[in-house]
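What follows is a short report on a single structure.
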Amino acid sequence: MTSPETLPSLAQKVRPIETGSHVVAAAFLGECAVFATGEGEVLVTGESEARVKAHSGAILEAANDGNRIVTAGDDGRLVAVDRQGQSETLVEAPGKWIDHVALGPDGALAWSVGRTVFARTQKGENKLDLPSTVGGLAFAPKGLRIAIAHYNGATLIYLNAPEAVPELLGWKGSHLGDLFSPDGRFLITVMQEPTLHGWRLADGQHMRMSGYPGRVRSIGFTADGKWLATSGAREVILWPFQGKDGPMGKEPRLLAPGQGETRVSAVACHPKHEVLAAGYSDGMVMLVRLADGALILARRASGSPVSALAWRADGQVLAFGSEDGQAGLLAL
Amino acid sequence: MSAKIPVTVLTGYLGAGKTTLLNRILSEPHGKKFAVIVNEFGEIGIDNELVVGADEEVFEMNNGCVCCTVRGDLIRIIDGLLKRRGRFDGILVETTGLADPAPVAQTFFLDDTVGERTALDAVVTVADAKWLKDRLRDAPEAKNQIAFADVILLNKADLVNPDELRDVELRIRAINPYARIHHTTRCEVAIGSVLGQGAFDLERILAIEPAFLEEDHHHHDEEVQSIALSSEKPLDPDRFFAWVQELVAREGPKILRSKGILSFKDDPQRFVFQGVHMVLDGDHQREWRADEKRESRIVFIGRELDAEAIEKGFKSSVA
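Residue numbers (this note's numbering), protein chains in the order written: chain A, 10 to 341; chain B, 458 to 776.
Encoded structure:
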């Protein structure tokens, strides 16, 4: 195992940021890094630093489209914050938790409250009741289509054809999050069990990606769509998606093992290059080059799990945040 | 790693007084803050800042075991609560009167995030002293809640005479001889008898002694029963684990709770375990003390258990 002390390090270049509470999400709105927290705040860094009290409770999930971050709160509100720190309440559902939120093209917005998914597009708002609580929402890379993860599978709906019958992709078990591949050919879900499931959308072919010691919480495709990077194990797990069958019958690559018993808690693929950032349960952050597995230390272990990672669109800055509220920016 | 957040589960049949107990815990001057998870239909009049509605979604785990169920809503809610963990010191989960406590308890052992950050402290069951006997007859849920309990509040004790109270207590003991029983009126009980029990904490499994045994009055509940076994001879660990794992894999749906303190051959340490259905959690606990009787004791509480076969299996693991 490589000791982090012997690795090339950029840790001294990190600009530390104290958010004050559990960093639920990090994102970039243009040049500005923003952090959404468990105390309901959105911290906007940049020329005009702002701390927006968006929710009276915790932020449960956040989505962004580069122009605004939309936060879902356990106060029943959905709030959009822009890079000037201006906030706008989009939805109010008093007494409920808004569990999930996703942003699509042309300002399309989807969110879920318990078993109900709501979607708002330029044409209006529609809603769909599911047989079980929604585990995750994802927009397809093209078209106004969303995938809803839930117990025993995922449901696909077209937002501009609300009368069409939703398409159910069935697989036993509880699905707690989902993601389309960048080419739109595959849908991946993270499950309650320490495993991922996937479907090839053209024919519904199943893909099981298992072998994890713990639940997988963070997944992302590389910019070229060739690899799916995931947390959940001691190493970053990379499933090959180059071929038409995805990872079926193929072994994953294992890169960048953590120290001792620590596991990878967050991953974020670089928007341009074959590089990814990996955050660990001990607070360490590493940059990993996929071609040869070369590592650069971006942040030393702090003791608190890394809970959020995001790259700026140009790939020049990495934002990270951890459960104890410590966050930072690393300019490359 | 900071300490795990304790979770207390409050169960009890409809009308027994769960909400009264919940409000009592919340209003005592203990200086602690709680996050309260209630079922959506019973959240009337709970005076607390952080109250979340649950919807009792029971999910099967994808491992081919029908009794390995978890509460999907609890996982979701606890994940959310953990994002502001500084706001509370403990979590109280109130279930509906019809809820099965097992998926609630198993959530704390089968979900890794929940299990890492929180610890199930105890299952507290509120029972109605006047009506419990009827419910044990007609409601399987009521029987489960008694069988599962670590602490039982025999509430509304003022509404029955001492003979009736004794009779209902014997009925409880026939199902669950190990729970701590408190006779209460309007759930008046010292908070320390309900919270901080560590009932699932391997460190705190001290002894397995039935709290109360009077063979003369022992009512054998025809369906739910407890089987306690002991051996003064040390056990062979390989044989014991092979047997117990096979037993819970096969009989898991029938076994509600299990607990054991074991003395293995050539092992200076006590091994302790506790389980819910087929989910077992066990570890070496500490060295046997010189003045301590090295005896293995195990107990199973379940329905329609084959006592003879279980005893035979246990005996066969003696070294």
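Even for Gly, the Cβ is constructed at its ideal location relative to N, Cα and C.
Because the structure is a prediction, the values reported are computed rather than measured.
Taking 8 angstroms as the threshold, find out whether the segment 281-293 of chain A comes into contact with the segment 305-312 of chain A through three or more Cβ pairs. Enough Cβ pairs lie closer than 8 angstroms, so yes.
Report the neighbours of G182/A on chain B: residues whose CB is nearer than 7 angstroms to its CB, in chain order. Chain B residues near G182/A: N519.
Kindly confirm or deny that the segment 294-307 of chain A and the segment 461-475 of chain B touch, where touching means at least three C-beta pairs closer than 8 angstroms. Between the segment 294-307 of chain A and the segment 461-475 of chain B, the count of C-beta pairs closer than 8 angstroms stays below three; the two stretches do not touch.
Touching or not, the segment 214-227 of chain A and the segment 133-140 of chain A, by the rule of three or more beta carbon pairs under 8 angstroms? Three or more beta-carbon pairs separated by less than 8 angstroms are not found between the segment 214-227 of chain A and the segment 133-140 of chain A, which leaves the two stretches without contact.
Run through the segment 505-568 of chain B for me and flag every whole beta strand (DSSP E) of 3 or more residues, listed as ranges in chain order. 507-511, 515-517, 526-528, 547-551, all fully within the segment 505-568 of chain B.
What residue from D546/B, G472/B, V515/B has the CA that sits closest to L507/B's CA? The shortest Cα separation from L507/B among D546/B, G472/B, V515/B belongs to D546/B.
Residues in the same chain with beta-carbon distance under 8 angstroms from E744/B, minus the five sequence neighbours each way, listed in chain order, please. Excluding its 5 nearest sequence neighbours in each direction, E744/B has C-beta neighbours in its own chain below 8 angstroms: P725, Q726, R727, listed in chain order.
Using the beta-carbon count (16 or more within 10 Å), is D723/B buried or exposed? The residue in question, D723/B, is exposed, as its Cβ has fewer than 16 Cβ neighbours within 10 Å.
Can we say the segment 99-112 of chain A touches the segment 69-78 of chain A, given the rule of at least three CB pairs closer than 8 angstroms? By the Cβ criterion, the segment 99-112 of chain A is in contact with the segment 69-78 of chain A, since at least three pairs of Cβ atoms, one from each stretch, lie closer than 8 angstroms.
Chain B contact residues for T142/A, given Cβ-Cβ distances below 8 angstroms: Those within 8 angstroms of T142/A in chain B are D512, E514, G529, D530, R533.
Taking only beta-carbon atoms, is E500/B less than 7 angstroms away from chain A? Only weak support exists for where E500/B lies, its pLDDT of 48 falling under 50; the value from the coordinates is given anyway. Under the Cβ criterion of 7 angstroms, E500/B is not counted among the residues facing chain A.
Residue of Q201/A, D333/A, F195/A minimising C-alpha distance to T159/A: This sequence places His at residue 159/A; Thr is not what is there. Nearest option by C-alpha distance: Q201/A.
For the segment 534-551 of chain B, which residues have a beta carbon sitting closer than 9 angstroms to at least one beta carbon of chain A? Per Cβ criterion, the list reads I534, D536, G537, L538, L539, K540, R541, R542, G543, R544.
Check whether the Cβ atoms of I548/B and T582/B lie closer than 7 angstroms to each other. Not in contact: I548/B and T582/B (Cβ atoms no closer than 7 angstroms).
So the candidates are A604/B, G543/B, V701/B; which of them puts its Cα closest to the Cα of E626/B? Among A604/B, G543/B, V701/B, the Cα nearest to that of E626/B is on A604/B.
Taking the alpha carbon of R154/A as the point to measure from, which residue in V284/A, N161/A, Y167/A has its own alpha carbon closest? Distances from the CA of R154/A to each of V284/A, N161/A, Y167/A were compared; the closest alpha carbon is that of Y167/A.
With a cut-off of 7 angstroms, does the C-beta of D723/B fall near any C-beta of chain A? So, not an interface residue.
When L210/A, E50/A, K151/A are compared against D254/A, the one with the closest alpha-carbon: It is L210/A whose Cα lies nearest to the Cα of D254/A.
V651/B to V550/B span [Cα, whole Å]: V651/B and V550/B: Cα-Cα distance of roughly 13 angstroms.
Three-state secondary structure assigned by DSSP to D254/A: In the structure shown, D254/A sits in coil (DSSP, three-state: anything other than H, G, I, E or B).
Given 8 angstroms as the limit, is there contact between the segment 696-711 of chain B and the segment 750-768 of chain B, that is, 3 or more CB pairs closer than that? Contact holds: three or more Cβ-Cβ distances are below 8 angstroms.
Distance cutoff 7 angstroms, beta carbons only. Does D115/A sit that close to anything in chain B? It does not; no Cβ of chain B falls within 7 angstroms.
Residue-level contact to chain B via CB, G29/A, 7 angstroms cutoff: No, G29/A lies away from the interface with chain B (no Cβ there is under 7 angstroms from its Cβ).
How long is the line joining the alpha carbons of Q654/B and P634/B, rounded to whole angstroms? Approximately 17 angstroms between the Cα atoms of the pair.
Would you say V33/A faces chain B, with C-beta separation under 7 angstroms as the test? Yes, because at least one Cβ of chain B sits closer than 7 angstroms to the Cβ of V33/A.
Which value, in whole angstroms, describes the spacing of the CA atoms of I632/B and G330/A? Rounded to whole angstroms, I632/B to G330/A spans 50 angstroms at the Cα level.
Under 8 angstroms by Cβ, that's how I've got V53/A and V90/A pegged, so tell me the actual separation to the nearest angstrom. With a beta-carbon spacing of about 7 angstroms, V53/A and V90/A fall inside the 8 angstroms limit used to define contacts.
Would you identify the three-state DSSP class for Q702/B, choosing helix, strand or coil? The three-state secondary structure of Q702/B, taken from DSSP, is helix.
With a threshold of 7 angstroms between beta carbons, is G347/A in contact with chain B? This structure cannot settle anything about residue 347/A, because the visible part of chain A is limited to 10 through 341.
Can you tell me which residues form a DSSP beta bridge with C41/A? Beta-bridge pairing links C41/A to L38/A.
Using the Cα positions of H675/B and E598/B, report the straight-line distance between them to the nearest angstrom. With a pLDDT of 46 at H675/B, under the threshold of 50, the modelled position of that residue is not reliable, and the figure given next carries that caveat. Our two residues, H675/B and E598/B, have alpha carbons roughly 22 angstroms apart in a direct line.
Could you pull out every residue in the same chain whose Cβ sits closer than 8 angstroms to the Cβ of R272/A, ignoring the five residues on either side in sequence? Cβ neighbours of R272/A beyond the five flanking positions: P222, G223, S240, G241, A242, R243, Y289, S290.
Could you tell me whether the segment 558-572 of chain B touches the segment 476-493 of chain B, using the rule of 3 or more Cβ pairs below 8 angstroms? Judged by Cβ distances under 8 angstroms, the segment 558-572 of chain B makes no contact with the segment 476-493 of chain B, as fewer than three pairs qualify.
Could I get the ranges of all uninterrupted alpha helix (DSSP H) runs contained in the segment 270-323 of chain A, with 4 residues as the minimum, in chain order? Within the segment 270-323 of chain A, no run of alpha helix (DSSP H) reaches 4 residues while sitting entirely inside it.
Using 7 angstroms as the threshold, is the C-beta distance between I684/B and F730/B below it? A distance of 7 angstroms or more separates the beta carbons of I684/B and F730/B.
Between which two residues does the alpha helix (DSSP H) carrying V88/A extend? V88/A -> not in any alpha helix (DSSP H); beta strand (DSSP E) instead, spanning 86-91.
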